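Going by our numbering, the sequence shown opens with residue 14, and the numbers climb by one from there.
C-beta: ideal position from N, C-alpha, C; glycine also.
Remember, predicted model here, so these are calculated numbers, not experimental data.
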Amino acid sequence: MNTKKRLYLFIILLTLPLFCVASHENWEKQLDELDNSLGQRKYYEDQKLKRIKQLKKQLVSLPPSKQFDINRKLFKEYSSYQYDSAYNCAHHLIDEAIKLKNRDYEVEARCDLVFCLLSAGLYTEAFNELREIRMEGTTATARKLYFTMASRLYYDVSDYTRTEPYQSRYVKQAGVYTDSLLHYLPKGSPDWLYAVGMRDMKERRYEACLDTFKEFLEKKGVDVHQKAIVNSCVGWVYLYLKDNDQAMKYLALAAIYDNKGAIRETTALCTLANLLYKEGEIQRATEYVRQSLANANFYGARQRVIEVSGILPIIEQDRFKIIQGQRNAIAVTAIISVLFVIGLLMGWWFIRRQMKKLKKAQQTIANRNKELEAKNHQLEEVNNIKDEYIGRSFYINSEYINKVEKLYRTIDRKIAMRRYEELRSSLKESELVAERKSMFADFDETFLKLFPHFIEKYGKLFDENDQKVLSDGPKQLTTEMRIFALIRLGINDSERIATFLNYSVHTINTYKTRVKNRSRVENDQFEQLIMDI
């Protein structure tokens, strides 16, 4: 592995924990936004009640023949808010549609009734009402609503059943209704994306489902109820994919939109509470479950009440255990504190008793410290002399070799002038090279006796691969090591180092820069770490 690849791997390993922390902070931020939104719950509910009041006021001033559209808007306000009111409103719409003899109105009203029944968990009754719907003589708008409601019913029943082969049959039948629905929807429209995304999710094509739903969420003009449903679906998908961080993020968004729309027929908040319970967020989980139970009771969805009621005792039990544990911890802490005070008093008495002995010993220790300081001072002087002596001796040897090299060249030149070919051939430059190598070997041996752990500690300044090469190699210094060995001996002048190693000053500086860049410490700290060896 080359240096660049090692650098990339190091960066990835370094930043991986940061991604985890960022992901955790991401859903924490969403939970804070959810808490703020739930704090404004009364405001959003007042807005809904205000809209309902305005719609009822409009009904008073309209003739019966023109009240159907207003009643439908009234039903939509109640549909995911309060079951009893929505159910009565749906029956009223059916009666109104029959009186007006309008087939489209009747289909819309009966689909509304099916929605009420499936939201309340009355699936058998919902199927019976769906079979009562007749599509003869209806427009594309009514057919679209019928196929939407039919697919929704079968998908909901498949989730409720969760038993094979029945679940797959319901999903398959819902897919048939979805295919029929898509013929009435413009491709790429929000309704088309919602239908396709829902089909992909139920048929477990999760990657395609996520792409479709995220495209849906980018569309403009989507109301908060649709956003709540789609965000909840995305959260469920991530839950299936074992990505709890993303699941909590989108479920929190879904719960925020549910709260803004004053929607009481919800699942996102309860599912989020369950996830937070597994993460150890007992306080938040308890609060969210209580709100989910309050929503379910207010709406009148019996299956939701049963579902939430099954989770709440588990969370409350763990919360009770935590509180009990805290109480026990406080009691244990109090006992330990009392024992600590008693021990402290006994220790104080014992310390006072030992103080006299300690004072006697202090004088002896002070005298010994003075002796040690004197010895240490002597050792420091010896070490300084030793380092300076070694450095100067190797420098003198280097100067000597250079003088011999010049002498060889002078003799060679004179011999060449007198043509002593046999004498000229006997003076080989290789002897000087061998002499220099011998000098380097003596230097390595002497230096490593003085600093036996130099190679090991030098290698720790580099990545693992370089360390392995150093540990597996021969126990002698490389050119790079000799440069920093001389620095360790106090020879910092690049010119003196170059003279000893028979290199140019530029080459020595190049070696030093390359070694520092390859190390895993800061360049300006490298030489100080060498001196600490």
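Problem - Span of the alpha helix (DSSP H) around Q233 - result: In the sequence shown, the residue the question calls residue 233 occupies position 220. Position check: residue 233 holds Lys in this sequence, whereas Gln was assumed. That residue, K233, is in no alpha helix (DSSP H); it is neither H nor E in DSSP.
Practice task
Work out the CA separation of A447 and D545 for me, nearest whole Å.
Solution key: Taking the sequence shown and counting its residues from 1, the one referred to as residue 545 is at position 532. Taking the sequence shown and counting its residues from 1, the one referred to as residue 447 is at position 434. Using only the alpha carbons, I get a separation of about 33 angstroms.
Handout entry: Residue environment, W249, which counts as buried when at least 16 other CB atoms sit within 10 Å
Key = Within the sequence shown, numbered from 1, the residue matching residue 249 stands at position 236. Under this definition W249 is a buried residue.
Exercise for the section: Please list, in chain order, all residues of the same chain as A221 whose beta carbon is under 7 angstroms from its beta carbon, the five residues on each side excluded. Expected result: Here residue 221 refers to the residue found at position 208 when the sequence shown is read from its first residue. These residues qualify, in order along the chain: D213.
Practice task
Compute the distance between the beta-carbons of L47 and A268, then report whether it is under 8 angstroms.
Solution key: Along the sequence shown, one-based indexing puts residue 47 at 34. Along the sequence shown, one-based indexing puts residue 268 at 255. Taking C-beta atoms as the reference points, L47 and A268 count as a pair closer than 8 angstroms.
Problem - Test item: CB-CB of R297 and L306 under 8 angstroms - result: To locate residue 297, count along the sequence shown from 1; it is residue 284. To locate residue 306, count along the sequence shown from 1; it is residue 293. Taking 8 angstroms as the Cβ cut-off, R297 and L306 do not qualify as a contacting pair.
Exercise for the section: Using 10 angstroms around the beta-carbon of R217, count the other beta-carbons present and answer buried if the total reaches 16, otherwise exposed. Expected result: Within the sequence shown, residue 217 is the residue found at index 204, counting from 1. Residue burial annotation: R217 is exposed, with fewer than 16 other C-beta atoms found within 10 angstroms of its C-beta.
Exercise for the section: Can you say whether M162 is buried or exposed, counting buried as having 16 or more other CB atoms within 10 angstroms of its CB? Expected result: Numbered from 1 along the sequence shown, position 149 holds the residue referred to as residue 162. Answer is buried; the Cβ neighbour count reaches 16.
Problem - Integer-rounded CB distance, given that I510 should sit under 8 angstroms from L499 - result: One-based indexing of the sequence shown puts residue 499 at position 486. One-based indexing of the sequence shown puts residue 510 at position 497. In this structure L499 touches I510 by the C-beta definition: roughly 5 angstroms separates them, less than 8 angstroms.
Practice task
Determine the DSSP secondary structure at F475, reduced to helix, strand or coil.
Solution key: Here residue 475 is taken as the residue at index 462 of the sequence shown, counted from 1. Coil at F475, not helix or strand.
Problem - G11 versus N536: straight-line alpha-carbon distance, rounded - result: Since the displayed the chain opens at 14 and closes at 546, residue 11 lies outside it and no answer follows.
Problem - Extent of the continuous alpha helix (DSSP H) to which M261 belongs - result: As a working note, residue 261 is residue 248 in the sequence shown. Where M261 is concerned, the enclosing alpha helix (DSSP H) stretches over N257 to K273.
Exercise for the section: Compare the C-alpha of L166 against each of G134, A344, E177 and E149 and name the closest. Expected result: Stepping through the sequence shown from its first residue, residue 166 is reached at position 153. Nearest of G134, A344, E177 and E149 to L166, Cα basis: G134.
Exercise for the section: Provide the residue span of the alpha helix (DSSP H) that contains Y197, from first to last. Expected result: Here residue 197 corresponds to residue number 184 of the sequence shown, with the count starting at 1. No alpha helix (DSSP H) contains Y197, which DSSP labels as neither H nor E.
Practice task
Taking I242 as the reference, give the member of E231, D271, Q259 and R527 with the closest Cα.
Solution key: Translated into the one-based positions of the sequence shown, residue 242 becomes position 229. Closest option to I242, judged by alpha-carbon separation, among E231, D271, Q259 and R527: D271.
Exercise for the section: Assuming S93 contacts R277 (C-beta within less than 8 angstroms), just tell me the rounded distance between them. Expected result: Residue mapping note: residue 93 aligns to position 80 of the sequence shown, counting from 1. Residue mapping note: residue 277 aligns to position 264 of the sequence shown, counting from 1. Rounded, the Cβ-Cβ distance is 7 angstroms, consistent with contact.
Problem - Neighbourhood of F311 by C-beta, 6 angstroms cutoff - its chain only, sequence neighbours within 5 removed - result: To locate residue 311, count along the sequence shown from 1; it is residue 298. Same-chain partners within the cutoff: R277.
Exercise for the section: Let me know if P203 comes out buried or exposed under the rule of 16 or more other beta-carbons within 10 Å of its beta-carbon. Expected result: As a first step, residue 203 is located in the sequence shown; it is residue number 190 there, counting from the start. Its Cβ being crowded by 16 or more others within 10 Å, P203 is buried.
Exercise for the section: Determine the direct distance from the alpha carbon of D97 to that of G274, and round the result to whole angstroms. Expected result: Within the sequence shown, numbered from 1, the residue matching residue 274 stands at position 261. Within the sequence shown, numbered from 1, the residue matching residue 97 stands at position 84. Going from the Cα of G274 to the Cα of D97 covers about 18 angstroms.
Handout entry: Backbone CA spacing between M148 and T137 [nearest angstrom]
Key = Walking along the sequence shown from the start, residue 148 turns up at place 135. Walking along the sequence shown from the start, residue 137 turns up at place 124. Going from the Cα of M148 to the Cα of T137 covers about 21 angstroms.
Problem - Beta-carbon proximity list for I543, same chain, < 7 angstroms, skipping 5 on both sides - result: Translated into positions along the sequence shown, residue 543 becomes position 530. Excluding residues within five positions, the ones whose Cβ falls inside 7 angstroms are F497, I500 and R501.
Exercise for the section: Could you tell me whether the Cβ atoms of A110 and A99 are closer together than 8 angstroms? Expected result: As a position in the sequence shown, residue 110 is number 97, starting the count at 1. As a position in the sequence shown, residue 99 is number 86, starting the count at 1. No, the Cβ-Cβ distance between A110 and A99 is not below 8 angstroms.
Exercise for the section: Just tell me which of K112, L113, Y57 and Y118 has its CA closest to the CA of K86. Expected result: Stepping through the sequence shown from its first residue, residue 86 is reached at position 73. For K86, the nearest C-alpha among the options comes from Y118.
Practice task
Taking H104 as part of the alpha helix (DSSP H), name the residues at either end of that continuous run.
Solution key: For the purposes of this step, residue 104 is identified with residue 91 of the sequence shown, where counting begins at 1. Here the alpha helix (DSSP H) through H104 covers Y96 to L113.
Practice task
Determine the burial state of Y175: buried for a count of at least 16 other Cβ atoms within 10 Å of its Cβ, exposed for fewer.
Solution key: Here residue 175 is taken as the residue at index 162 of the sequence shown, counted from 1. Correcting the residue type first, residue 175 is Arg in the shown sequence and not Tyr. R175 comes out exposed.
Exercise for the section: Pull up the CB-CB distance for S78 and L44, whole angstroms please, since I reckon it's below 8 angstroms. Expected result: By 1-based counting over the sequence shown, the position of residue 78 is 65. By 1-based counting over the sequence shown, the position of residue 44 is 31. About 50 angstroms separates the two Cβ atoms, so there is no contact after all.
Exercise for the section: Alpha carbon to alpha carbon, how far is L223 from Y263? Give it in angstroms, no decimals. Expected result: Along the sequence shown, one-based indexing puts residue 263 at 250. Along the sequence shown, one-based indexing puts residue 223 at 210. Between Y263 and L223, the C-alpha separation is close to 12 angstroms.
Practice task
Drop a sphere of 10 angstroms on the beta-carbon of M3, count the other beta-carbons inside from all chains shown, and report buried for 16 or more, exposed for fewer.
Solution key: The chain is shown only over 14 to 546; residue 3 falls outside these bounds and no answer can be derived.
Problem - Delimiting residues of the alpha helix (DSSP H) encompassing K55 - result: Locating residue 55 in the sequence shown gives position 42, where the first residue counts as 1. Going by DSSP, K55 is part of the alpha helix (DSSP H) stretching over R54 to V73.
Problem - Separation of V237 from L600, as counted between CA atoms - result: The question about residue 600 has no answer, for the chain in this structure spans 14 to 546.
Handout entry: Assigned secondary structure, S517 (DSSP; H/G/I helix, E/B strand, else coil)
Key = Residue 517 sits at position 504 when you count from the first residue of the sequence shown. Residue state, collapsed to three classes: coil.
Exercise for the section: Just the C-alpha distance for I414 and M452, rounded to the nearest angstrom, thanks. Expected result: Residue 414 sits at position 401 when you count from the first residue of the sequence shown. Residue 452 sits at position 439 when you count from the first residue of the sequence shown. I414 and M452 have their C-alpha atoms some 9 angstroms from each other.
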